[in-house]
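Enquirer: Residue numbers (the numbering used here), protein chains in the order written: chain A, 25 to 847; chain B, -11 to 182; chain C, 11 to 303.
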Amino acid sequence: MELNRRNFLKLGAATGALAYVGGQAVVSAEELLKGGKDFDKKGQARKAIPSSCFQCPAICGIIAYVENGRVVKIEGNPAHPNNQGTLCAKGQAGISQAYDAQRILYPMVQTKERGDKTGWKRVSWDEALDLVARRMKKNIDEKRPDKIYLMPGRDRSAGYLARFAAAIGTPHVISRSGTCSQSKKAGFMEAWGYDSNWNDYANAKVVLNFGHGVMESGSVFVGNSKQAVKGIVENGTYFVTIDPRLSNTAAKSSEWVPIKPGTDLAMLLAMHYVILKNNLQDPDMAKWFNYPLDKYLEHLEKNGYTPAWAEKICGVPAATIERLAKLFATKKPGCVTAYKGIGTHTNGAMTTKAVILLAALVGNLNVKGGTFYNKTASFKNPPAPPAATAKKTPALKSNPLQSDANTTLFEKWSEGVGEVDMIMTWVHNPVYVLGNAQQKIDILKDRKKIPFFAAIDLFMSESTALADVVLPDVSYLERNDPESHYPVSGKPWVAIRQNVLKGEKPIGEGKEQCEILRAIAQKLGPEYGKYFDISREEYVRFSVRDSLPGFEDWGGYEKLKQVGVYAYEYPTGKFEYDGLAKKTVADKDLEGTIFDEKTGIYYKPLKDKEGKLIEKDGQPQPDTAAAVGIKLEDGKVYKGWNTGHKKIGLFSEKWEKQFPGMGLPVWAQSTTVAEAKEGELILFQYKFATMTHSRTSNCKWLSELRHDNPILMNPADARKLGLKDGDKVKVTSKTNAKVFTLQVTEGVMPGTAGNGWGPGHWEYGAFATAGEGVTAEMKAADPDYGRIWWKEKGTNGNWLPAPVTDPIGGSQEWATPVKIAKA
Amino acid sequence: MSTKRYGMVIDLRRCVGCEGCTVACKSENGVPLGHFRTWVQKHEKGVFPNVSMQFVPKLCNHCEDPACVSVCPTGASFKRSEDGIVLINQDDCIGCKYCMVSCPYGVRYLDESKGVVDKCTWCVHRVEQGVVPSCVNTCITGARIFGDLNDPHSDIAKFIATHPVQQLKPEAGLGPNVYYVALDKDFNTTLGNR
Amino acid sequence: MSHTVTWPVWIALYLYLAGVSGGAFAASTAASFLGERYRNVTRWGAYIAPWPVLIGTGLLIFDLGSPMKFYLLFLKVNPRSVMSMGAFILSLFGAIAVAHFWHQLYTEKKVKFTLLPDSLVKLIRFLGIPLAVGIGTYTGFLLNASIAVTLWNNGVLPLIFLASALSTGVAAVMVAVALSSKWNTVKDEVRNLAIVDAVLIGLELFALAAYLWSLHVGNLKQQAALDYLNLHYGVWFWGGVITVGLLLPLFLKVFTKGESAAKAALNGTLVLFGGLVLRIVIVIAGQMATPLY
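1. What residues are listed by DSSP as bridge partners for H31 (chain B)?
2. Any C-beta of chain B within less than 9 Å: which residues of the region 90 to 108 of chain C qualify?
3. Looking at chain B, is there any beta carbon in it that lies within less than 8 Å of the beta carbon of V159 (chain C)?
4. Count the C-beta pairs between the region 263 to 281 of chain A and the region 228 to 242 of chain A that are closer than 8 Å, then say yes if the count reaches three, no if not.
5. Checking the sheet assignment: what are the DSSP bridge partners for E91 (chain A)?
6. Look up L126 (chain C) in the DSSP assignment and say whether it is helix, strand or coil.
7. Helix, strand or coil for Y262 (chain A)? Go by DSSP, reduced to three states.
8. I'd like the ranges of any alpha helix (DSSP H) spanning at least 4 consecutive residues and lying wholly in the region 520 to 593 of chain A.
9. Using a Cβ-Cβ cut-off of 6 Å (strictly less than) and excluding sequence neighbours within five positions of K276 (chain A), which residues of its own chain qualify?
10. State the DSSP-derived secondary structure class of C108 (chain B), mapped to helix, strand or coil.
11. Using DSSP bridges, identify the partner residues of P841 (chain A).
12. Could you confirm whether any beta carbon from chain B is found closer than 8 Å to the beta carbon of V257 (chain A)?
13. Mind checking whether V493 (chain A) and A228 (chain A) have CB atoms under 8 Å apart?
14. Out of A:A72, A:N820, A:R159, A:S199, which has the shortest C-alpha to C-alpha gap to T432 (chain A)?
15. How about S156 (chain C) and S90 (chain B): do their beta carbons lie closer than 8 Å?
16. State yes or no: is the C-beta of L490 (chain A) within less than 8 Å of the C-beta of A478 (chain A)?
17. So R159 (chain A) is in the alpha helix (DSSP H); what residue range does that whole segment cover?
18. Is the CB-CB distance between Q709 (chain A) and L736 (chain A) below 8 Å?
19. Use the C-beta contact count for Q643 (chain A): other C-beta atoms within 10 angstroms, 16 or more gives buried, fewer gives exposed.
20. What does the alpha-carbon distance come out to for the pair R855 (chain A) and N314 (chain A)?
21. Would you identify the three-state DSSP class for A28 (chain C), choosing helix, strand or coil?
22. Can you tell me which of A:V90, A:Q126, A:S571, A:N303 puts its alpha carbon nearest to the alpha carbon of E507 (chain A)?
23. Compare the beta carbon distance of C127 (chain B) and C9 (chain B) with 8 Å and say whether it is the shorter of the two.
24. Keeping to the same chain, check which residues put their C-beta closer than 7 Å to that of G687 (chain A); ignore five residues upstream and five downstream.
25. Name, going along the chain, the residues of the region 62 to 88 of chain C whose beta-carbon falls closer than 7 Å to a beta-carbon of chain B.
26. Using 8 Å as the limit for Cβ to Cβ distance, is F175 (chain B) near chain A?
27. Under the rule that 16 or more other beta-carbon atoms within 10 Å means buried, what is G834 (chain A), buried or exposed?
28. Where does G47 (chain A) fall in DSSP's three states?
29. Under 8 Å, with one C-beta from each stretch per pair, do the region 398 to 409 of chain A and the region 710 to 729 of chain A reach the 3-pair mark?
30. May I ask you to list, following chain order, the residues of the region 225 to 240 of chain A that have a beta carbon less than 7 Å from some beta carbon of chain B?
31. Select from the region 141 to 170 of chain C all residues with a C-beta closer than 7 Å to any C-beta belonging to chain B, and list them in chain order.
32. By the 7 Å beta-carbon criterion, what residues does the region 16 to 47 of chain C contribute toward chain B?
33. Roughly how many angstroms separate the alpha carbons of S31 (chain C) and T279 (chain C), rounded to a whole number?
34. Report the start-end ranges of each alpha helix (DSSP H) in the region 781 to 807 of chain A that is 4 residues or longer and not cut off at the edges.
35. Apart from the five residues on each side of it in sequence, which residues of its chain come closer than 6 Å, Cβ to Cβ, to V564 (chain A)?
36. Buried or exposed, going by whether 16 or more other CB atoms sit within 10 Å of the CB of I844 (chain A)?
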């Protein structure tokens, strides 16, 4: 996109209108522009092309500056409502993804044993695609497409991968959400019918943050930081972070509450008890729970879930638990938040459900200054093949409650459950990111267990290094996708990700993932290829049409390519949700609906694709996926919550059925924490602000800032174990033992040890491995290869956890009891 | 047009230690590995459980009376009269490093590939075109404010007029033009802390 | 940045060598006014003076980021910069030391011509001491001007460096004279040189005491710097500089009887060693003691 005067004004106007968040003054005529333009050292303007970041799940809006055919700078896009022209360290460092001298440039085949660095042979695209397609065709022809496993680490293809899976007939598209949000989503879904939450931090009076890296990691920490800091600095928000570690977020909080990992559930149950016992619940919310609150209090009392009881389990003083519960109930509005920290335990889903219930009890859901949910943009797909005919291998998950098998998959495979002939990974490094790395390596290397392994990847990761075929991907700077994700500012948005190097000399032979899938489909034959007869760019254009109100009037796809993002502002203001569930439904809207006596819910009538009523015994049937309202005891009809029963899910019928006694919130100890022996510490995992789990370690500026991940230990424990800051220590779990550096700090709870994610690669290039394998060629491409000054490369903590998962939610249990001693 | 005096305010209540500024500067100015023009220090204090941590971004202060300018034997290090930005004329720099040992803020480094000293330029190539320095642009919470201290109507001047601000090592007497809000006095010592 | 060495040991070596040259030159020109009685001092001082500083200057240029641009030091001037002024002082001194050396050879009829006309010879000799003082103190002022390094930014440092320059220069001449000829022919000169050296050592000890005291009673920054010096460089400083380099030679001169070439050479060598260690410790420890920026 040419930076002409028109575009500049558009890009700049948004910035000009936005003073700094919290800034007092109106932008005066003499002020410098905040962003949207960049210049080389001679003062020449650089070409600016908007796109979307892909370094983490936040998907901030970016502007890529291109000069002489190269991306030279990445900045935030001022037009994006989440990051508003700013960008974190990871986003800025994304240039490395395109220009890493060790990027995979052409297809390769492993001619020797899996993992043999000397066995890689370059082949043509034709050859590589042939290999993959023929293998797939073999399984399809044998009527066993279910033996093909597609494993995306982070999809973002807006339905393209699903289309491919359906075309070849495999039901197995396995994510890796169990390493993070899977249980959190399960708990949230049960409680209020949404798998996530956004928070109006800027207007909150109190925030209870259960272990979430609000201002350092996780989804949209850039957007969340803006809101949270605004609240704390300008509006007096009392921000409480409950976390075993003094995280960056805890450091910015008004109060840090140290807690033992995996025990937040006890604190939450005690808080429920305090609120109900003292009658502090929101009277307006009482009718919304799908289980009587007085009976729930009886349940809490019967089990003895008091603050004194909780203190013994979680280490938080009873007085603190009581104080915070009362604060949250009386100083309103307020927010709750939780993510990987409390979700990735065997009691994860139960815990996160209790988090939303806490907000529900005091009426902090869907209110200004509270916890809310806004929709993202919805994308259409061009006509797709019919859904996969093969059935999923049922026993790959540990039980039907779990949404995905990713955390139990390798266990099941090693037990012989589920036949697998080939796997194809994309943006996925299971060896590195799933627990018990050694097990993953053993299985992936074994041609008897996994006969064929294809990897679509940009770098030789720990997992891709074990593949049979590598199909080179392109960096996100060279990809095309429609994007829409968390609307943390309140405004839903649709954005573009586009090839900012379009028209320039391509860096290698890589193709974007969707084009690879298309090429495979075409190799399989015309009956598959017909679903992929449009280019990726055309697919994107189709997807975004009418994706948000007002989008087409604004300028649609063409304008999106110029500006990068369209944000929708609700007529009522920033947020759509105000009192949403509690809005009454007008009589006229109930016309033609079908009333279910048992549940009190009004449903739309069930219709087929053409809009004709589907009748049974001459009667129209209720479409249980399209509720219009719910009639409560007061006789009024309300819109209702997003759950199937339209209420707040205090009691989970699904959970009760699978695990009797688990329907109501009950205390369940994290099984690994319960196994801790005398003298062992509980190892927990956390994120750095400058790194993601695995795939940003090749970014030189990020690894320079953070290349070691020392174990955090409290001085009291260090003294007991005879250790001091800087020592090399051996950390031993039931599963494995590895050496780490030690960092003694007051900012971590005694009895626990912290391990940061990111460092610890043994593949992924020179920057990720403190300079291994640097050649003269690399130095010529980028002199910084010759300037890797750091010697430490950290240790991946994921060698240590056992393959234990949350039986309800499916998330990996990351808390691991360990023995730590001098190495 | 009166002369400008550029300055920066860093509001430490807002800095979340994301280090976006550190990387933005590296990217914008092609700073080689091993050197930083701006960086974020993390200062922890207290005893468990009463522990606090402050994030303090640091960079060249573009002082009123820079030590680097007075010690430079060739005059390569100079302060612009039109706006106060302190720069290095790399043609005249011989790499003697006197400025490096004289700067109490440790903001200068020797660029080995060029044999001359380098440092933060407040992205003068951007500022001259009317855009803020990269670190200011990217700061996710708007903790950095940049502008003309001589213009009483500028955001920065108005901010300083209405907030208590601190400087790093004011006792050095160099007149730094980077101001901080809520700088913990325990971290403004030169005794060294982690 | 912090706890790193920007000016490496070559710089310390240069400061030391410049000091030795200055002291040797001062000894030589002072002796020249005292006539034939001190002709060996005049002679050896002149022989020694140019070389240490020339080698040191070579090290200096070698350490520059852009050694080929060193000439800019002479094309550009910054009166506020001790290094800028020092470049000119150094060059002037170097030229004069070489001319003085050549004139000595001419006086001894070892060469046929001199670089100095008769009228200038006395002037050069007269200027000798202030120039040497200039060289000795300039190295101290160079470090003193750095407000960033606590161990350098101290008003007593130039005095310490001056005393050390003079004493190491005198010590170098003393060693040379003692070993150059039969003991009987030089023992008077050597004895007097040793007395001068002892006085200079006393001055240096006093200056060092003042320096350490000023740090000890100074602000927190200064106390911390002194603590760092003692903790990490204590053995080199108290052992190498103070004991071996200053107290021991002083003790040998004042409290022991007997004179010999060997004793004089030992005495001088100890002083030379101490002066070197002093420069290295001040330069390196000063930078290492500078805390996290």
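Glycine included, every Cβ here is placed at the ideal spot set by N, Cα and C.
Note that the structure is predicted; figures quoted are calculated from it, not measured.
Expert: Based on what the coordinates show:
1. Counting from one through the second sequence, the residue named residue 31 (chain B) turns up at place 43. H31 (chain B) pairs with B:Q42.
2. R90, S91, V92, M93, S94, M95, G96, A97
3. On the third sequence, position 149 is the one that residue 159 (chain C) refers to. Closer than 8 Å to some Cβ of chain B, the Cβ of V159 (chain C) qualifies, so yes.
4. yes
5. Taking the first sequence and counting its residues from 1, one reaches residue 91 (chain A) at position 67. Answer by DSSP bridge pairing, in chain order: A:R94.
6. Numbered from its first residue, the third sequence carries residue 126 (chain C) at position 116. Correct three-state label for L126 (chain C): coil.
7. As a working note, residue 262 (chain A) is residue 238 in the first sequence. DSSP places Y262 (chain A) in strand when its eight states are reduced to three.
8. 537 to 548, 550 to 553, 560 to 568, 575 to 578, 580 to 587
9. Counting from one through the first sequence, the residue named residue 276 (chain A) turns up at place 252. M239, listed in sequence order.
10. Here residue 108 (chain B) is taken as the residue at index 120 of the second sequence, counted from 1. If DSSP states are grouped into helix, strand and coil, C108 (chain B) belongs with coil.
11. As a working note, residue 841 (chain A) is residue 817 in the first sequence. DSSP output for P841 (chain A) lists A:I706 as bridge partner(s).
12. Taking the first sequence and counting its residues from 1, one reaches residue 257 (chain A) at position 233. Interface residue, yes.
13. The sequence position of residue 493 (chain A) within the first sequence is 469, counting from 1. The sequence position of residue 228 (chain A) within the first sequence is 204, counting from 1. Cβ distance not < 8 Å, so V493 (chain A) and A228 (chain A) don't count as in contact.
14. Counted from its first residue, the first sequence places residue 432 (chain A) at position 408. When only C-alpha atoms are compared, the closest one is A:S199.
15. For the purposes of this step, residue 156 (chain C) is identified with residue 146 of the third sequence, where counting begins at 1. For the purposes of this step, residue 90 (chain B) is identified with residue 102 of the second sequence, where counting begins at 1. Closer than 8 Å, so yes.
16. By one-based count along the first sequence, residue 490 (chain A) stands at place 466. By one-based count along the first sequence, residue 478 (chain A) stands at place 454. No; because the gap between Cβ atoms is not below 8 Å, this pair is not in contact.
17. In the first sequence, counting from the first residue as 1, residue 159 (chain A) sits at position 135. The continuous alpha helix (DSSP H) containing R159 (chain A) extends over residues 149 to 165.
18. In the first sequence, the residue the question calls residue 709 (chain A) occupies position 685. In the first sequence, the residue the question calls residue 736 (chain A) occupies position 712. No, the Cβ-Cβ distance between Q709 (chain A) and L736 (chain A) is not below 8 Å.
19. In the first sequence, residue 643 (chain A) corresponds to position 619, counting from 1. It is exposed - the Cβ of Q643 (chain A) has fewer than 16 other Cβ atoms within 10 Å.
20. Past the boundaries of the shown model lies residue 855 (chain A); chain A is included only from 25 to 847, so the question cannot be answered.
21. If you number the third sequence from 1, residue 28 (chain C) lands on position 18. Reduced to three states, the DSSP call for A28 (chain C) is helix.
22. If you number the first sequence from 1, residue 507 (chain A) lands on position 483. Closest by alpha carbon: A:S571.
23. Stepping through the second sequence from its first residue, residue 127 (chain B) is reached at position 139. Stepping through the second sequence from its first residue, residue 9 (chain B) is reached at position 21. Yes, the pair counts as a contact, with Cβ atoms nearer than the cut-off.
24. Translated into positions along the first sequence, residue 687 (chain A) becomes position 663. So the qualifying residues of the chain are F675, S676, E677, W679, E680.
25. L74, G75, S76, K79, F80, L82, L83, K86, N88
26. Here the question's residue 175 (chain B) lines up with position 187 in the second sequence. No, its Cβ sits nowhere closer than 8 Å to a Cβ of chain A.
27. Here residue 834 (chain A) corresponds to residue number 810 of the first sequence, with the count starting at 1. That one is buried.
28. The count along the first sequence starts at 1 and reaches residue 47 (chain A) at position 23. Bear in mind that the predicted position of G47 (chain A) carries a pLDDT of just 40, short of 50, making it too unreliable to give a figure here.
29. no
30. M239, E240
31. A155, S156, I157, A158, V159
32. Taking 7 Å as the upper bound on Cβ-Cβ separation, chain B lies near residues T16, W17 of the region 16 to 47 of chain C.
33. The residue given as residue 31 (chain C) occupies position 21 in the third sequence. The residue given as residue 279 (chain C) occupies position 269 in the third sequence. Taking the straight line from one Cα to the other gives about 15 Å.
34. 800 to 805
35. Here residue 564 (chain A) refers to the residue found at position 540 of the first sequence. Cβ neighbours of V564 (chain A) beyond the five flanking positions: N504, P506.
36. As a working mapping, residue 844 (chain A) is identified with position 820 in the first sequence. Buried: at least 16 other Cβ atoms inside 10 Å.
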